[in-house]
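Report on one structure; see the data block that follows.
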Amino acid sequence: MALQIPESRHLLTLRQERSTDKKGWHETVIYNSSRIEEIEDPNGSKVAIPPSSIPTPFAQMHLYDIAFKMVNRKELGHEGQTIYNQLVSECLDAIDLIYNLREHLQADKEEHFAIIEWNIDERIKSLRSSENDGHQLLGKTIELFTGDLSPFAKNMQGERKTPNMYILTYDTTPIVATSPLTFAFLAPKVDKELISGVKTIDGRDMFTGIRALHQRSEEFQIYVHRLFHLHKNMLNQMDNVHEYMRIQRDKYHSKKGDIIKDIYEETSTLGAFNADYNDVIIDGKTPRIEKVAWKSCAPIITDGNLKSSYLIKPSKSKEKTALLETQGGQKVLPLVLQEGYENPAFKYFRDKEWSNKTKVPFSLPKENWSDRNLPEVGFGYPYLVTTDLLAEDLIRMPYRINDERFVVPKNHIHDSNIDFLLPVTDLYFKFFDEETLIENLTIETADSNEGAIRVRLRVPIKGTEEEGKSYLTFTRYYDYGKPRNDNNGKIINLVDDGKDETMEDIPSPFSISIYPFIRTGNAANDTMYKIMLLSSKLDNVEAYSLNAYNEEKAIETSDAAIQKISRFERNVEGSHLSVFSVSGCAFDAIEIVTPYRGKTGSRAKGWILPRWKKPIQQGSNPKQFTVAVDFGTTNSFVAFTDSNTATEGNIQTYPFFIGEDDMQTVTLNKPTADKNHVMLDRYDFDDNAIGLATTFFQDRMFMPNLIGNPPAQESNYGNWRNAFPIRTALIHASDVKFDPLLNSSISFLYEKDYLDIDRHSQRVTTNLKWSADNSKLVEVFIEQLLHMIRNKILLNGGDLSRTKLIWFKPLSLPKRLTDNLNNLWENKSKEIISKSVDVHLMNESEAPYFYYRAKGKVEKSSSVVSIDIGGGSTDIALVSNGGRTKIATSAYFGANTLYEGKDTKDPSLETEGGIVSRYRNWFKNKIELTKQGISQAEGSRLEIIFNEIMESGRFSSSDKASFMYSAKNIDFDKQLSEDQDILLLFLLHYAACIYHAVQLLAIKGMPYPKDFCFSGTGSKYLNFLDVTKDKKNIQKFTEIFAKKVYDKYKDLKIEAKEQKENQEEQQVQEKDYNPFLDGSLDESGSSSIEDQYDGTINLHVTQEPKEATCFGGIHSFSTAYKNINLGEDINTIFLGEIDAKKSDLLPNRQLTYEDLIEQDGKFTKEGGELALRIDKNLDQFLEIFLSMNKNPETRFEFYNIETNLTNFEKGFKSIKQKELAKGMIYERKNASDGGYTPVRESFFFYPLRVIIRDWALAMAQTKLNA
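Following our numbering, the numbering of the sequence shown begins with -8 at its first residue and continues without gaps.
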């Protein structure tokens, strides 16, 4: 039986229902829209390529329209992941681009965006009229697509509702165009890489991913719903889009009070919409669809910054620098964000509140701020996280930091022995000043297992007006050794307490000193700073380094830079010592670079912020300072006054000092808290080795904290080491390649404390003043003095522009050196102090007169002899008529003459002077006794200095003598006062100065002197030559000796002889003067005449002779002396002839060394005659000098002199003749070749220098043999 198969019939159709009872071909109805929707796609909606069979813009429009229609179906839905959901998302992205287009255009500095306006009728007409067949066909095709059945159809009046299409291009590539069906649509195959820099409002790359409208930012949703709801009547061809909006509203915004729901309940108006959003204008064109313009929100960044409560609030002084760059290249203030923070009153982004659940990274790369997108909203805008402001490493210091001079957090670990460098990043200083940091940084021991030390940093933010000051707090923990997690930082422990078990060796701490510690705020003044960086030198530990920052930028190291920092190594044993010079600008902060590896593996860093001293402001009447500088051969002295120098008698003068209140050099360490300490001890580091080394190197190779003693505070300061006068000496690197301007400093402690120069590869150079070879060193010395003066004035309320400065010179200083020094003082004073500084030059010998006048010791009517005995020269000034009449002379006959050995031109070849040699062993024994008795430490200190100066072979005999005088507790001058042999030389030196002065005064016909005033370092020997308080012995000697000299000259009746000589020329043949060289000179007598004058005199000696010069220079500015020409050339050279006339004085006549000595070393006729007359004068000097011992009022025993005067007289006579000739010949040999060198000083002192030297050497030998 056959199987019966039921008969079944089916239609060949796309409909879902295919069964039918009909057979064969038959008619059926056409597909309407509802039947079309029933057709199933066998691929579903999972195709990757949009289903468009006609590659035209019009087909693309319909494709996006269909996509909206498809996702509105329940089967797909708005949250699907189909190709239709993707197309809808792309369309919404296109509207997002329009919504933010003003923002994008503002950021579009290179003008990537452009708009093309495409008029449909004009383009069709142009194509149809073309001669190109293809153009004509395209015109017909477009006409068909824009015909009556298209969205672009014309109305009854023949007008198109949408006459134009607008195409937005990016680098000429079409991106988005207007659509009457979906408002906007995306061009086919858009190159998403091309516009990768353009982001959606939620931070995504444009046209990537799938995101429905309700999944986008609230502000964008509001915009889209208002756009389509309020323009529904005009955008009436967008049915599928309107349906999409309805579903969005009903499904996702149906709750009462929903902001989107309210839009549809007539709470939103078209007027408000147009007020809230502005037309997009590109190249003067505004794209429109059916008269609805593209509208855009206002740019997020309108006034330069994002409107947010979380905007950083920089310090007022940093408002111009506290900007970071956005993706669009704008400079804006960043936001400060922190996970877990919540404040309902604060607005985060476009009135959106911050959620405490929003994830914020602890750390982000810092290379490019514009790459950061705000969390949750995704908008490209810079913001700061914890590690942007808190450093990776925390530097733990082995001493307390000086919180008065450096920024130290208010709240930090309470420990008297340790402190921390500031654990912030360089970025912090872009936003905040030192006071903000002090108030908001806390360092404390952690009370949990999160870390060893906790650092909290409050960061000021904008907040709201109602809230007042607002902050976010960044917190970071730090660990010893390896951090316990990725967020924790590392403690770099410079304290040797074993807390860091990973540190194998003891740590190498460091210290810094800054000079000058002052900031005027005037860029023209703040141009020179030095930083001393010192650290322990340990095996396998590199040296520390530093970077200086100005206005949050690192100062350049390039030599070519105007503003630069330079590093100079001082090669010292056991330590790394560097001096950094910052020139051309000031600096705000120092970044210390340690040798230790931090958390990231690079060298750990920490910050130091100076709290700069500011100049004291004195309102409308700032002080006027007058400063005097005596730059001497042996010692230098500086004095000042802030009194009004126009008022005679009321000028208060002071030795230059730097006290605690106007300290110019500041070290990082905190001084001793107990202010009852002697001030020097307060600034010593007694508690750690690095501190002791800091004090050592700072005082010797940099700049001391304290100099001298403020008035009436000597007992509190006790500063004898660094007080003026100081030795005129410079300490510098011994390397021949050293740069003296940058690697040298005044040696304040030379002779007063040991320098350890050999061990630390240093040299000390003295005799700066007289050597042309030391011009650079002289420049360093003077520059440093001028900087000290400048800082002093600023820190004490002075006006730099009104400063007066006076400097002194000996008359015997060669013209070339005088000119060089004068230019140096003038130029450097104007460069360092002020362009309008008033610089004066004064002769050393003039100044003491004004000092003693001011003290009331010299009457205005007095005739005064002022003798300034320096180290190298002695200057003599003769003043009368209230200072209006004055002459002066100078000779290389300073106090160093008493201590010199032979071959003085080269200290390395010089034999030791007699006085030094005589007392060398005595001095050494005294040091040993000091060690055993007074102080072991003091004795050891002196022993080191003794070896440095006395045994090194580098210092002159006068340098050695200077040290012997300066040694505390040794009392070398007291010992000399008991030396009955050597004291004769001091009296001889003194008498020679008086003799020459009085003779010159008599020759010039000036009144007999009533006052003899002494100044200069060399004149200190008067204090042990006459130990009486009122110097009555030396006063009597001077009175009688001067009168004898004056009488002798008057007895010569020079005026009468001068008339006779004019009538008859004296005949002198070679036989008369050549025997002079053999010592066979005739003696001649003299007659005397009576003259009336009062022979009593007053003798004036100060305890500190240098004061008389500097104080006198200051007093000379008094209006009492306004008609006195100071500093003029009053140099008069009296060659030393026994019978000199006024006409013999130089420069009354011209005389050169060539006039006196032939090139072969023989005397000319004039030279021989002159030598004979000088020789006779030396005989007369010796005669009068020795006669003083026979006078019961001036016996030498009154000065404790008991020596063999017979031997002395013989030695004097045997030496004087040859040494006079040798001295004159020596000067001739050193005269300029082929030219004529004017005689520059008296010949009288030539043999005396040798006589003193040889007698001292003879006494030394006697003493040694005794």
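Backbone N, C-alpha and C define an ideal beta-carbon position, used for all residues, glycine too.
Cβ distance (whole Å) where residue i is taken to contact residue j below 8 Å
| i | j | result |
| --- | --- | --- |
| Phe397 | Leu786 | No, Phe397 and Leu786 are not in contact; Cβ-Cβ is about 18 Å, not under 8 Å. |
| Phe884 | Leu991 | Their Cβ separation, rounded to whole angstroms, is 14 Å, which puts Phe884 and Leu991 out of contact at 8 Å. |
| Thr794 | Phe616 | 5 Å |
| Ser968 | Gly892 | Contact flag wrong, Cβ pair sits at about 23 Å. |
| Tyr161 | Phe198 | Between Phe198 and Tyr161 the Cβ distance is about 12 Å, and since that is not below 8 Å, they are no contact. |
| Thr493 | Lys473 | 7 Å |
| Phe465 | Leu448 | 5 Å |
| Phe571 | Ile522 | 4 Å |
| His233 | Lys242 | So it is not a contact: roughly 15 Å between Cβ atoms. |
Nearest to residue i (by Cα), restricted to the options the options
| i | options | result |
| --- | --- | --- |
| Val657 | Met694, Ile878, Leu721 and Ile642 | Met694 |
| Pro356 | Lys343, Val368 and Thr377 | Thr377 |
| Lys1039 | Asp1017, Phe353 and Ala993 | Ala993 |
| Ile906 | Phe977, Ala928 and Gly847 | Phe977 |
| Leu974 | Glu1188, Arg240 and Phe508 | Glu1188 |
| Val830 | Tyr843, Ala1033 and Asn813 | Asn813 |
| Gly371 | Glu316, Tyr419, Tyr390 and Phe648 | Glu316 |
| Tyr157 | Ile201, Ser117 and Asn110 | Asn110 |
| Met52 | Asp112, Asn91, Thr137 and Arg119 | Thr137 |
| Thr685 | Arg594, Ser504 and Leu796 | Ser504 |
| Asp1258 | Ser931, Asn1168 and Ile251 | With the chain covering only -8 through 1257, there is no way to say anything about residue 1258. |
Close Cβ partners of residue i (< 7 Å) along its chain, the five nearest in sequence each way excluded
| i | result |
| --- | --- |
| Tyr535 | Phe501, Leu524, Ser526, His567, Ile583, Val584, Thr585 and Pro586 |
| Glu1218 | Tyr1144 |
| Ile201 | Gln72, Asn76, Gln77 and Ser80 |
Exposure of residue i, with buried meaning 16 or more beta-carbon neighbours within 10 Å
| i | result |
| --- | --- |
| Trp913 | exposed |
| Ile497 | exposed |
| Glu407 | Position check: residue 407 holds Ser in this sequence, whereas Glu was assumed. Ser407 is exposed by the Cβ-count criterion. |
| Ala551 | exposed |
| Ala1251 | buried |
| Pro335 | exposed |
| Leu375 | buried |
| Ile925 | exposed |
| Pro507 | buried |
| Pro1238 | buried |
| Ser1134 | exposed |
| Glu705 | exposed |
| Leu135 | exposed |
| Asp182 | exposed |
| Ser908 | buried |
| Glu1056 | Its pLDDT being 42, under 50, Glu1056 is placed unreliably in this model, and the coordinates cannot settle the point. |
| Tyr1227 | exposed |
Own chain, CB closer than 8 Å to residue i, minus 5 neighbours either side, in chain order
| i | result |
| --- | --- |
| Gln971 | Asn1191, Ile1192, Glu1193 and Thr1194 |
| Gly597 | Ala382, Asp384, Leu385, Ile386, Phe411, Leu412, Leu413, Pro414, Ile483, Glu582, Ile583 and Thr585 |
| His220 | Met236, Ile254, Tyr255 and Ser259 |
| Phe1199 | Leu975 and Trp1246 |
| Met997 | Ser854, Leu869, Ser871, Thr876 and Ile878 |
| Cys984 | Ile858, Ile860, Thr865, Ile867 and Phe884 |
Beta-ladder partner(s) of residue i, from DSSP
| i | result |
| --- | --- |
| Met388 | Asp410 |
| Arg467 | Val446 |
| Pro998 | Answer is none; Pro998 lacks a bridge partner. |
| Thr164 | Tyr161 |
| Ser736 | Ile722 |
| Asn269 | Ser287 |
| Cys1004 | Ser857 and His1091 |
| His95 | None, per the DSSP bridge assignment. |
Same chain only: Cβ atoms within 6 Å of residue i, ignoring 5 sequence neighbours per side
| i | result |
| --- | --- |
| Tyr708 | Met670 and Asn700 |
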